[in-house]
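Peer 1: The structure under discussion is supplied below as structure tokens; questions concerning it will follow.
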Amino acid sequence: PLAVFLPKCRNGIILATSRSMDAAEKLTGTGSHKAVYRISAVDKAQALQLFCNKLQGDSDKNAAADLLRALDYIPLAITQAAAYINRRAPRISVKTYLDALRESDKKKGSLLNSDAGDLRRDETVSNSVVTTWQVTLEQIRRERPSAANLLSFMSFFNPQGIPEFVLHHYKGDLTENADGAKDDEDNDEFEDDLDVLRGYSLLSVTSTRDVCEMHSLVQFCTRAWLSVVDDAERWRQVFLWAMSRHFPSGAFETWPTCQMLLPHIESMLEEEPPNEDLQKWARQKWARLLTNCAWYMFTRGNYRAAEKSGEKAVKTRVNVLGEEHPDTLSSMADLALTYWNQGRWKEAEELQVRVMETRKTILGEEHPDTLTSMANLALTYRDQWRWKEAEELQVQVMETMKIVLGEEYPDTSLSRHALSSARTTLP
């Protein structure tokens, strides 16, 4: 170990720097934090000063501020960006570098892999941002594989507001049996993993304690590392599995959880899993996530977003489960309501008729789901001023509910009220 090479005497001071808190404590030999000074993150003003000092010539301050924000104010990334721009000026400016950084993950990886020399650093050590972080990640995987797994999982979240309750259960999501209970030993292991990652300054825990944050650049480098070791797809599936399980139904009482998780799933809603037999389970999970998200958007009155997710859910479930599956019919019914709330009666009617007829065939005319479909279709007829068709359906629903559920059942009373209301609006 490095500590054996350090002189031990009362005179003089040795200053060591490290990204690892564990290494820092071992080098100081105190067993406490008193001899360890944690350097705070570079702030905006310091980052801008560093960038301006490294950059040759003047630069657009607004573009520079945007670039530094995109680089998460990480000094190594800042110095390498300045070196890249200097070497390619005037063809490359701060703005064109920023545009290239935002263009695609492939282009971003190319820029961050750039290895410009730095005389202040060990000549045997890479100056590439990606390579530098990947060395750290490999070290963590050797020291504590479970911490590397946690970091891999977290790299697919939005960098801000990562809820801790999802992180506690990600291990179960690696297998088909995802509902295993977590005991105290698992929680202790999670805290140890979190401590390792915090010790390397790869993430932080907010003052609320139940929420974690990461640099987006750290996440990008982690995903790049996972691609190198051919493990990115597995962790993408783990993330999908976890989100489909934890994102709730969208009902009113689940709104706080939905709001917390929504930023983390937005990009995933656009990434349809491959249409392959081996990915069938992934497409089912994706459809479930889409359905719950669509209903949340619907209950919040964001019908356009609900429609977009709902249409994807219907298409996926029809392909994977078939049109007669209960989950498919449920998604179709939700989408029909989304059309209905936008006044798109024809589209709503077409879907509602399909759902009603299929449920009649599969479940029977007296099943509650069938009766709900009939009641919804009656409302659509009513809103198109098709009073006779609406009344006929509502009478059928009410009479069936009387027989199946009884006169005093709440749904029977509601059906009777709906029929009465419809009759008062008859021309």
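Just so you know, the sequence shown maps onto residues 3 to 429 in my numbering.
Beta carbons are placed, not taken as given, at the ideal position from N, Cα and C, and that holds for glycine.
For clarity, every value in this text was computed on a predicted model and none was experimentally measured.
Could you check which residue in V231, R247, H369, D336 has the C-alpha nearest to that of E151?
Peer 2: The residue labelled residue 151 in the question sits at position 149 within the sequence shown. The question names Glu, but residue 151 in the sequence shown is Asn. Nearest C-alpha to N151: V231.
Peer 1: Where do the N-terminal and C-terminal ends of the alpha helix (DSSP H) with V240 fall, by residue?
Peer 2: Residue 240 sits at position 238 when you count from the first residue of the sequence shown. Here the alpha helix (DSSP H) through V240 covers 234-248.
Peer 1: Using 8 Å as the cut-off, can you tell me whether the stretch 253-269 makes contact with the stretch 295-302, which would need three or more C-beta pairs spanning the two stretches below that distance?
Peer 2: yes
Peer 1: Which residue or residues does DSSP assign as beta-bridge partners of E215?
Peer 2: Looking up residue 215 in the sequence shown gives position 213. Bridge partners of E215: S206.
Peer 1: Using CA coordinates, which residue listed in R71, P370, F158, Q141 is at the minimum distance from A49?
Peer 2: Position 47 of the sequence shown, counting from 1, holds the residue named residue 49. The shortest C-alpha separation from A49 is found at R71.
Peer 1: Which residues bound the alpha helix (DSSP H) around T374?
Peer 2: Taking the first residue of the sequence shown as 1, we reach residue 374 at position 372. T374 -> alpha helix (DSSP H) spans 370-385.
Peer 1: Just how far apart, CA to CA, sit H266 and V207?
Peer 2: Residue mapping note: residue 266 aligns to position 264 of the sequence shown, counting from 1. Residue mapping note: residue 207 aligns to position 205 of the sequence shown, counting from 1. The alpha-carbon atoms of H266 and V207 are separated by roughly 17 Å.
Peer 1: Exposed or buried, which one is G345 when buried takes at least 16 other CB atoms within 10 Å?
Peer 2: As a first step, residue 345 is located in the sequence shown; it is residue number 343 there, counting from the start. Flag for G345 reads exposed.
Peer 1: So what does DSSP say about P161, is it helix, strand or coil?
Peer 2: Along the sequence shown, one-based indexing puts residue 161 at 159. Of the three classes helix, strand and coil, the one that applies to P161 here is coil, per DSSP.
Peer 1: For a test of the three-state rule: what should DSSP assign to I94, helix, strand or coil?
Peer 2: Numbered from its first residue, the sequence shown carries residue 94 at position 92. Looking at I94 - three-state DSSP - the assignment turns out to be coil, as it is neither helix nor strand.
Peer 1: Out of M245, I164, R238, which has the shortest C-alpha to C-alpha gap to S209?
Peer 2: Looking up residue 209 in the sequence shown gives position 207. When each option's Cα is compared against that of S209, the closest is I164.
Peer 1: Mapping the DSSP letters down to three states, classify G201 as helix, strand or coil.
Peer 2: In the sequence shown, counting from the first residue as 1, residue 201 sits at position 199. It is helical.
Peer 1: Go ahead and label D60 buried or exposed: buried means 16 or more other beta carbons lie within 10 angstroms of its beta carbon, across all protein chains shown.
Peer 2: Within the sequence shown, the letter at position 58 stands for residue 60. Exposed, by the Cβ-count rule.
Peer 1: Does any residue of chain B have a CB that is nearer than 8 Å to the CB of V240?
Peer 2: The question asks about chain B, but that chain is absent: this structure has only one protein chain.
Peer 1: Are the CB atoms of L100 and A65 nearer to each other than 8 Å?
Peer 2: Residue numbering aside, residue 100 sits at position 98 when the sequence shown is read from its first letter. Residue numbering aside, residue 65 sits at position 63 when the sequence shown is read from its first letter. Yes. Within cutoff.
Peer 1: Closest to G312 by C-alpha separation, out of R290, V322, K362, would be which residue?
Peer 2: Residue mapping note: residue 312 aligns to position 310 of the sequence shown, counting from 1. Answer by Cα proximity: R290.
Peer 1: Do V132 and G111 have their C-beta atoms within less than 8 Å of each other?
Peer 2: Taking the first residue of the sequence shown as 1, we reach residue 132 at position 130. Taking the first residue of the sequence shown as 1, we reach residue 111 at position 109. Yes. Within cutoff.
Peer 1: Could you spell out where the alpha helix (DSSP H) holding F167 opens and where it closes?
Peer 2: Taking the first residue of the sequence shown as 1, we reach residue 167 at position 165. First-last of the alpha helix (DSSP H) with F167: 166-169.
Peer 1: To the nearest angstrom, how far is the alpha carbon of L263 from that of R388?
Peer 2: Counted from its first residue, the sequence shown places residue 263 at position 261. Counted from its first residue, the sequence shown places residue 388 at position 386. Roughly 42 Å separates the two Cα atoms.
Peer 1: Could you round the C-beta distance between A91 and Q58 to whole angstroms and report it? I think they count as a contact, below 8 Å.
Peer 2: By one-based count along the sequence shown, residue 91 stands at place 89. By one-based count along the sequence shown, residue 58 stands at place 56. About 7 Å separates the beta carbon of A91 from that of Q58, a gap short enough to meet the 8 Å contact definition.
Peer 1: Leaving aside the five residues before and after L339 along the sequence, list all residues of the same chain whose C-beta is less than 8 Å from its C-beta, in chain order.
Peer 2: The sequence position of residue 339 within the sequence shown is 337, counting from 1. Correct list, in chain order: F300, A350, N378.
Peer 1: By the 10 Å Cβ neighbour count, where 16 or more other Cβ atoms means buried, how is F222 classified, buried or exposed?
Peer 2: For this step, residue 222 is matched to residue 220 along the sequence shown. That one is buried.
Peer 1: Between which two residues does the alpha helix (DSSP H) harbouring C260 extend?
Peer 2: In the sequence shown, the residue the question calls residue 260 occupies position 258. Counting along the chain, the alpha helix (DSSP H) containing C260 begins and ends at 257-267.
Peer 1: Is the beta carbon of F249 less than 8 Å from the beta carbon of F155?
Peer 2: The sequence position of residue 249 within the sequence shown is 247, counting from 1. The sequence position of residue 155 within the sequence shown is 153, counting from 1. Cβ distance not < 8 Å, so F249 and F155 don't count as in contact.
Peer 1: Answer with buried or exposed for C11, where buried requires no fewer than 16 other C-beta atoms within 10 angstroms of its C-beta.
Peer 2: Position 9 of the sequence shown, counting from 1, holds the residue named residue 11. Exposed is the call here.
Peer 1: Which two residues bound the contiguous alpha helix (DSSP H) that contains T138?
Peer 2: Along the sequence shown, read from residue 1 onward, the residue named residue 138 stands at position 136. 131-145 is the span of the alpha helix (DSSP H), which, as asked, contains T138.
Peer 1: In the DSSP assignment, find the unbroken alpha helix (DSSP H) run with A350 in it and report its ends.
Peer 2: The residue given as residue 350 occupies position 348 in the sequence shown. Its alpha helix (DSSP H) spans residues 347-365.
Peer 1: Cα separation between Y341 and R302?
Peer 2: Numbered from 1 along the sequence shown, position 339 holds the residue referred to as residue 341. Numbered from 1 along the sequence shown, position 300 holds the residue referred to as residue 302. Their Cα atoms are separated by approximately 15 Å.
Peer 1: Tell me whether P305 sits in a helix, a strand or coil according to DSSP, three-state version.
Peer 2: Residue 305 sits at position 303 when you count from the first residue of the sequence shown. Note on identity: in this sequence residue 305 is Tyr, with Pro being the wrong assignment. In the structure shown, Y305 sits in a helix (DSSP, three-state: H, G or I).
Peer 1: Would you tell me roughly how many angstroms separate the C-alpha atoms of S251 and Q51, rounded to the nearest one?
Peer 2: Taking the first residue of the sequence shown as position 1, residue 251 is located at position 249. Taking the first residue of the sequence shown as position 1, residue 51 is located at position 49. Going by the C-alpha atoms only, they are around 48 Å apart.
Peer 1: Return the residue from the list Y202, A315, E367, T372 that minimises the CA-CA distance to Q354.
Peer 2: For the purposes of this step, residue 354 is taken as the residue at position 352 of the sequence shown. Of the candidates Y202, A315, E367, T372, the one whose C-alpha sits nearest the C-alpha of Q354 is T372.
Peer 1: Ignore the nearest five residues each way along the sequence and tell me which others in V322's own chain have a CB closer than 8 Å to its CB.
Peer 2: If you number the sequence shown from 1, residue 322 lands on position 320. K282, R285, Q286, A289, listed in sequence order.
Peer 1: With a threshold of 7 Å on Cβ separation, who are the neighbours of A315 within its own chain once the five nearest residues in sequence on each side are excluded?
Peer 2: Within the sequence shown, residue 315 is the residue found at index 313, counting from 1. For A315, where only same-chain residues beyond five positions count, the Cβ hits under 7 Å are A289, L292, T293, A296, S333.
Peer 1: Taking all protein chains shown into account, decide if V168 is buried (16 or more other Cβ within 10 angstroms of its Cβ) or exposed.
Peer 2: For the purposes of this step, residue 168 is taken as residue 166 along the sequence shown, with counting starting at 1. Buried, because 16 or more other Cβ atoms sit within 10 Å of the Cβ of V168.
Peer 1: Quick check: the Cα distance between R225 and K46, rounded to an integer number of angstroms?
Peer 2: By 1-based counting over the sequence shown, the position of residue 225 is 223. By 1-based counting over the sequence shown, the position of residue 46 is 44. Taking the straight line from one Cα to the other gives about 26 Å.
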